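Visitor:
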């Protein structure tokens with residue numbers, strides 16, 4: 008078995024999810040590569056060591072440049088705040104490493120373009136962790152659409168609702184809270200949550216032509232953990248936008264961290280001429296499907312428990328009726344990444360794919376700023 | 008238009024539901040008869056008058072014998088406690104009246120047999136108010152079964168769960184509480200709630216051969232409203248039973264007034280070789296349907312919103328998506344009763360049909376008493 | 008009992024719903040007025056007679072001017088296409104009639120202002136049939152908000168999704184299809200469906216300051232029933248808009264007749280600082296409620312089956328667990344209208360209230376046309 | 008870190024679930040032991056090797072006796088058909104090994120008693136894989152009950168419904184199908200599925216006093232994979248029973264493999280004086296909770312998304328809103344087993360606990376055979 012030596016940068020929530028994926032993929036999928044946890048990198052040496060011990064990383068680094076410079080690393084996995092994605096990615100590409108980068112790709116499209124140029128010039132396999140594509144129910148949705156079952160698409164609507172930042176006492180910045188600090192995150196819910204919705208939407212329904220957005224920052228000032236001072240909040244707490252897809256479909260997108268009762272409610276619904284689809288992250292193992300071609304008398308939304316062997320990815324897991332969870336989407340992504348390098352057909356989303364999401368985010372933020380419709384740039388070659 | 012002159016005995020919850028049905032049926036259904044609210048009968052003259060004024064009854068009686076004796080009454084509608092059903096029904100039959108009797112038919116099968124004999128001898132149209140047959144979703148279930156869509160039936164399960172008698176302070180007997188008084192009700196949940204479940208089951212799945220039951224009275228003594236004394240509670244607070252249908256299906260039935268969180272949760276589920284059906288009174292306008300012949304990839308329980316014009320009874324109401332409620336089942340029953348007398352094909356459940364339910368109830372109570380399986384008598388001619 | 012003599016203009020879907028309400032209100036509510044079905048008016052005399060016979064109207068008219076001129080009519084109820092609302096209303100006001108007008112109030116705000124002026128000058132009781140306010144679950148939502156349970160409101164989102172006009176073969180214009188004819192309807196889903204969403208929203212969450220909309224007409228041409236020719240479709244098939252409320256809440260609204268699987272899915276969700284509310288017309292008897300002040304361990308969305316006597320309107324109906332349906336909202340509205348004239352405290356929505364909804368609709372359509380945010384005019388005195 | 012060397016016997020569905028648990032527990036839980044995958048044992052050497060390679064077992068055996076005899080094995084994990092549990096367990100106990108045995112404990116109570124005697128005599132840590140206790144929502148249910156929130160319990164109902172054996176073409180016996188062969192399995196759904204329901208019930212609601220059951224074998228003969236002949240089917244395809252708990256609660260239990268539409272629908276509901284609980288394996292991350300002490304106006308079933316850090320086990324996983332799946336119950340069980348040996352307070356269910364479930368199963372099967380109520384033996388010391 009070929010070895011693929013992973014160098015992980017960052018050890019937070021995503022560091023754990025990725026490490027788990029590398030460790031499990033070979034138990035459940037027939038892949039030609041063994042993922043070797045070669046090194047984890049974090050500025051805090053003690054924490055890096057603790058993480059390495061828990062997950063079985065064979066070494067630690069405290070400087071990502073050193074990690075990239077090592078000969079015994081094949082893949083660089085970037086799990087640090089958004090403001091570091093570009094610099095590390097470009098350096099890693101120059102060093103000829105394969106790159107798996109957390110989402111969103113970059114702070115903005117400008118950065119993203121440079122990153123795409125770097126990986127394409129270096130011809131290194133690259134992928135961005137938009138993991139929700141590989142929830143089996145979402146992958147099934149893609150399959151149904153690609154088979155033409157929905158017919159012409161009229162509507163797309165997506166939401167990502169959370170409620171964890173309603174308290175004004177929550178500070179911004181620092182470990183676990185960098186998502187509230189515009190310098191580290193680039194934006195608020197737009198890059199953090201809507202980016203997921205947009206990635207799925209582009210994958211399922213093609214390109215977005217134009218957008219019209221509004222954003223709001225409900226809490227204007229928060230104490231900054233790093234400076235200790237009360238500072239202006241630079242991120243968007245909520246963002247909603249209208250959109251038109253290239254295929255003529257109308258869309259609404261919305262995200263917020265101020266929706267009481269919703270922890271991580273990512274939902275999407277697609278209405279086609281013949282059929283409709285609905286999915287919901289809080290019950291991620293189900294797909295709701297309505298087919299108007301069903302006989303009228305017994306027509307209704309079907310609640311599909313996506314746990315059968317003929318449904319995407321599920322033959323690798325347990326038996327019908329037994330659900331998998333959130334973390335499995337990462338395992339599927341690693342399996343597909345490996346298959347991509349084994350077959351020479353890269354799995355998506357690549358950096359270039361993710362740049363398209365970045366362009367939509369940029370247009371959304373520009374629209375909110377200008378109170379006007381904005382065209383979306385394309386990242387297609 | 009022919010007139011059908013109604014004489015209503017009793018003015019409680021059911022008196023209201025029936026009166027509403029008589030008043031509305033002609034607005035929504037094309038029937039040849041006009042239901043005329045001729046007289047209402049109640050022992051308390053003041054209450055009878057108040058009820059008559061509210062609902063438009065043209066006269067009142069305080070003695071049901073006088074009502075039955077009147078020439079200007081075509082239909083006697085019996086909405087009084089169970090212990091009076093037999094006497095009134097038999098007298099009404101002798102007087103040549105059509106009879107609509109509240110459920111359960113009788114205090115027991117012995118009484119029921121006499122009632123059946125009386126109406127059949129008198130050849131008067133007769134029906135029992137097992138209204139749930141005519142909830143559109145339930146009628147649709149019947150239609151699907153009759154079309155053979157389910158194939159061989161393996162399982163039937165029904166429950167009727169309530170929680171309104173948990174307090175030990177609730178008295179027994181008197182207005183609104185006669186259901187807790189065994190002398191007026193005959194039994195507790197068995198005759199009150201399970202009788203509904205059994206009627207539907209016999210209609211949907213044919214006869215029940217044998218039963219095995221347990222009952223419980225959680226609160227042993229309650230103050231009696233009529234005597235003012237604390238008296239032994241004679242009814243069953245809860246009853247569960249196993250059953251085997253003539254068609255080989257296995258069944259579980261359960262009812263209680265001690266299930267916190269359930270106001271009137273009547274549910275049934277039927278599992279056939281090819282398809283399954285589930286229904287729930289708390290969302291009565293929906294039928295859940297699973298068809299295994301659907302393509303595996305997109306197979307799931309269908310939540311059918313029964314509000315389309317091609318679904319039972321619904322063309323008479325509003326437009327797709329707009330639900331009707333509980334009271335409409337009574338209107339449907341009156342519509343079908345009228346159609347029955349207009350066409351000469353009596354609508355069910357007749358007294359004879361309801362006797363079969365009574366026999367099951369008797370067997371259930373006998374089984375609980377003897378701790379043994381009991382065969383069910385048949386009421387078929 | 009005082010008599011209130013109703014003159015109904017129009018005999019379609021709404022004519023039936025209103026007639027049913029007048030006939031039933033006295034059976035279930037303690038009101039001082041008896042609604043007398045005095046006359047129904049329709050251009051087609053045969054149809055008017057048939058309708059009168061079915062519902063018990065005592066006379067018919069074929070010219071609405073004659074109806075209004077009659078001395079024996081107290082209330083004029085307008086159930087005709089939108090383009091006739093203004094003319095009839097203004098004439099009826101001048102004749103001193105009370106007026107109940109179907110929604111939307113008018114073809115646009117200009118018309119609406121004149122109508123408001125007319126009824127206010129004439130000092131006649133007036134109301135618009137935005138019936139959804141009086142679905143018990145929606146009224147309960149209002150009560151919870153007014154009690155301050157939600158705290159500061161961050162988000163409002165509403166949708167009204169249907170799927171009945173997807174076929175290109177469906178013609179526009181004529182009986183039952185005037186909603187597709189811009190000359191009769193004024194607009195498409197905006198006035199027909201979003202108007203309902205907006206009325207509820209203004210009632211629950213106060214005024215809307217600004218909107219930003221997009222509309223689409225998916226099928227550009229349809230045969231016109233009246234002319235027999237294929238003509239341009241002038242209505243909006245779909246409309247989505249962003250909005251900001253005066254209280255700072257962000258909102259998304261959407262409506263379409265191209266959402267497969269949805270017959271009449273009106274939903275709204277409100278997210279407040281402390282609690283959230285969700286409601287859905289397809290299961291109209293339930294309110295979903297999330298209260299963050301519940302203990303964390305057992306916190307979750309509560310599915311409230313609104314059928315208890317202490318919940319709005321429900322003491323007038325059956326017993327807990329037994330649901331009512333769509334038509335009951337009209338009965339409640341008549342009950343409240345009667346109570347309004349009995350107490351001198353008019354029930355809403357009055358014409359003036361409905362004008363505010365009209366102003367939002369106007370701003371929405373203007374925004375879609377101009378691709379720009381639009382301020383909403385206020386109708387407050 | 009101390010090492011705990013695992014010897015796994017069997018490599019099927021459960022072999023995978025357990026191996027996954029051993030590999031992951033240390034990544035997510037702070038335990039003092041490292042689980043070392045020392046050896047896997049299977050009669051087929053090639054398959055054993057393949058399994059060892061995939062999961063990282065360091066050696067293979069083809070004779071379980073040799074595995075047990077090895078000095079470098081601390082824990083014997085038994086994942087073979089039921090008819091081998093007793094012999095292997097007793098031998099392992101004699102060899103002083105800790106034992107983790109798949110459920111049900113034994114072919115019957117007689118065997119089970121000997122197994123309990125063996126492990127208790129040898130004083131070896133022992134546990135049975137009734138994994139559903141450690142689905143977080145189920146553990147939360149236990150916690151709520153132990154805190155007394157439900158009050159006196161009136162009702163318990165549990166079902167385990169599947170639909171995978173409806174085809175008459177399915178053979179009995181052999182790999183994957185030994186569950187249909189009475190010689191290997193001992194019983195059908197009673198030992199396979201109801202045993203799970205009973206284990207949870209005893210844990211949540213205490214001992215069962217008496218039972219009354221019916222069983223059915225719908226397909227009487229099936230081809231036997233091992234003999235190649237059509238043979239009588241000895242297992243129960245379906246089993247339903249009534250029960251009375253020691254605490255006075257009434258219960259219904261049912262299981263079948265003939266319920267179309269249900270893959271693995273294990274559900275239980277408990278109704279107490281104050282509150283009720285419902286859980287469902289098909290949406291295992293949710294607990295439905297109804298508390299009658301909630302204010303009446305907003306009382307309803309709460310759908311608790313069990314994914315918060317203060318809910319059982321969840322602080323070890325991801326962030327609120329992100330669900331875990333079936334396999335995690337095994338990881339939790341290993342974590343608790345390790346904690347049990349580290350603290351000296353053994354985690355349940357021990358062999359003795361599981362014997363109590365066995366006694367209920369025995370009484371159920373005896374009742375079905377005799378058509379009579381049966382008392383349940385107790386396994387308490």
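Protein chains in written order, with my numbering: chain Y, 8 to 388; chain B, 8 to 388; chain H, 8 to 388; chain W, 8 to 388. Glycine is no exception: its CB is placed at the ideal position from the N, C-alpha and C atoms. A quick note: this is a predicted structure, and the numbers were derived from the prediction, not measured.
(1) Does any C-beta atom of chain B lie closer than 8 Å to the C-beta of residue 324/Y?
(2) Count the other C-beta atoms from every protein chain shown that fall within 10 angstroms of the C-beta of residue 237/B, then say buried if there are 16 or more, exposed otherwise.
(3) Starting from residue 279/B, trace the beta strand (DSSP E) in both directions and tell me its first and last residue.
(4) With 8 Å as the C-beta to C-beta threshold (strictly closer), list the residues of the region 302-314 of chain Y near chain B in chain order.
(5) Would you check if there are 3 or more beta carbon pairs closer than 8 Å linking the region 95-115 of chain B to the region 76-87 of chain B?
(6) Taking DSSP as the reference, what is the three-state secondary structure of residue 324/Y?
(7) Got a sec? Which residues, its chain only, sit under 8 Å from residue 349/Y by beta carbon, not counting five neighbours each side?
(8) If you follow the beta strand (DSSP E) that residue 135/W is in, where does it begin and where does it stop?
(9) So, at 6 Å on beta carbons, what are the nonlocal neighbours of residue 98/W in its own chain, with the 5 sequence-adjacent residues on each side left out?
(10) How would you label residue 363/W, buried or exposed, when you count the other beta carbons within 10 angstroms and need 16 or more for buried?
(11) Using 8 Å as the threshold, is the region 144-156 of chain Y in touch with the region 240-250 of chain Y, meaning 3 or more CB pairs across them?
(12) Are the region 88-95 of chain B and the region 112-121 of chain B in contact at 8 Å, needing three or more beta carbon pairs?
(13) Which chain W residues are close to residue 29/H, counting only those with a beta carbon under 7 Å from its beta carbon?
(14) Using Cβ-Cβ distances below 9 Å, what residues of the region 140-174 of chain W are close to chain H?
(15) Could you tell me whether the Cβ atoms of residue 138/H and residue 374/H are closer together than 8 Å?
(16) Enumerated in chain order, which unbroken segments of the beta strand (DSSP E) with a length of 3 residues or greater are wholly contained in the region 201-238 of chain B?
(17) Which residues, taken in chain order from the region 330-351 of chain B, show a beta carbon closer than 9 Å to some beta carbon of chain H?
(18) Which class does residue 382/W belong to by DSSP, given the choice of helix, strand or coil?
(19) Over what stretch of residues does the alpha helix (DSSP H) that includes residue 377/W continue unbroken?
(20) Taking 8 Å as the CB-CB limit, is residue 378/B close to chain W?
(21) If we ignore side chains and look at the alpha-carbon of each, how far apart do residue 252/B and residue 165/Y end up?
(22) What residues of chain H sit near residue 391/B, judged by a beta carbon separation below 8 Å?
(23) So, for residue 279/Y: in the same chain, excluding its five sequence neighbours on each side, which residues have a beta-carbon less than 6 Å away from its beta-carbon?
(24) Are the C-beta atoms of residue 62/W and some chain Y residue less than 8 Å apart?
(25) Which parts of the region 120-185 of chain W are runs of the beta strand (DSSP E), unbroken and 3 residues or longer, counting only runs that do not cross its ends?
(26) Going by the beta-carbon positions, is the gap between residue 260/Y and residue 283/Y smaller than 8 Å?
(27) Taking the straight line between their C-alpha atoms, what separation do you get for residue 2/W and residue 66/Y?
(28) Going by other Cβ atoms of all chains shown within 10 Å of its Cβ, with 16 needed for buried, is residue 122/Y buried or exposed?
(29) Residue 126/B and residue 383/B - do their beta-carbons sit closer together than 8 Å?
(30) Using a Cβ cut-off of 9 Å, pull out every chain W residue sitting near residue 283/B, in sequence order please.
(31) When you compare the region 285-300 of chain Y with the region 284-293 of chain H, are there three or more beta-carbon pairs, one atom per stretch, that lie closer than 8 Å?
(32) Would you kindly check if the distance between the Cβ of residue 274/H and the Cβ of residue 245/H is under 8 Å?
(33) Would you tell me roughly how many angstroms separate the C-alpha atoms of residue 229/W and residue 365/Y, rounded to the nearest one?
(34) Go ahead and label residue 70/Y buried or exposed: buried means 16 or more other beta carbons lie within 10 angstroms of its beta carbon, across all protein chains shown.
Guide: In terms of the structure at hand:
(1) No - not a single Cβ of chain B is within 8 Å of the one on residue 324/Y.
(2) Residue 237/B is exposed by the Cβ-count criterion.
(3) Residue 279/B -> beta strand (DSSP E) spans 272-279.
(4) Legend: CB atoms of the region 302-314 of chain Y lying less than 8 Å from CB atoms of chain B belong to residues 303, 304, 305, 306, 307, 308, 309, 310, 311 and 312.
(5) Taking a contact to require three or more Cβ pairs closer than 8 Å, the region 95-115 of chain B and the region 76-87 of chain B qualify as touching.
(6) Residue state, collapsed to three classes: coil.
(7) These residues qualify, in order along the chain: 38, 39 and 40.
(8) According to the DSSP assignment, residue 135/W belongs to the beta strand (DSSP E) that extends over 133-135.
(9) Within the same chain, residue 98/W has close Cβ partners 75.
(10) Taking a 10 Å sphere around the C-beta of residue 363/W, we find 16 or more other C-beta atoms and assign the residue as buried.
(11) Because the criterion of three Cβ pairs below 8 Å is not met, the region 144-156 of chain Y and the region 240-250 of chain Y do not touch.
(12) The region 88-95 of chain B, when compared against the region 112-121 of chain B, does touch it at the 8 Å Cβ threshold.
(13) Those within 7 Å of residue 29/H in chain W number zero; the least Cβ separation is about 30 Å.
(14) Under the 9 Å Cβ criterion, the region 140-174 of chain W contributes 147, 150, 151 and 156.
(15) In this structure, residue 138/H lies away from residue 374/H, with their beta-carbon atoms at least 8 Å apart.
(16) Considered as a whole, the region 201-238 of chain B harbours 215-223 and 228-230 as its complete beta strand (DSSP E) runs of no fewer than 3 residues, in chain order.
(17) So the close ones are 330, 331, 332, 333, 334 and 335.
(18) Residue state, collapsed to three classes: strand.
(19) Taken as a continuous stretch (DSSP letters only), the alpha helix (DSSP H) holding residue 377/W covers 358-377.
(20) Yes - at least one Cβ of chain W is within 8 Å of the one on residue 378/B.
(21) For the pair residue 252/B and residue 165/Y, the Cα-to-Cα distance works out to about 49 Å.
(22) As shown, chain B starts at 8 and ends at 388. That puts residue 391/B outside it, with no answer to give.
(23) So the qualifying residues of the chain are 157, 158 and 160.
(24) It does: the Cβ of residue 62/W has a partner Cβ on chain Y nearer than 8 Å.
(25) Correct list: 133-135 and 160-168.
(26) The answer is no: Cβ separation not under 8 Å.
(27) Outside the shown range of chain W, which is 8 to 388, sits residue 2/W, and nothing can be said about it.
(28) Residue 122/Y should be labelled buried.
(29) Cβ atoms of residue 383/B and residue 126/B: not closer than 8 Å.
(30) Chain W residues near residue 283/B: 170, 266, 267, 268 and 269.
(31) Contact between the region 285-300 of chain Y and the region 284-293 of chain H is absent, because fewer than three Cβ pairs lie under 8 Å.
(32) Between residue 245/H and residue 274/H, the C-beta gap is not smaller than 8 Å, which leaves the two residues out of contact.
(33) Note on geometry: alpha-carbon atoms of residue 229/W and residue 365/Y lie some 59 Å from one another.
(34) Per the 10 Å Cβ criterion, exposed.
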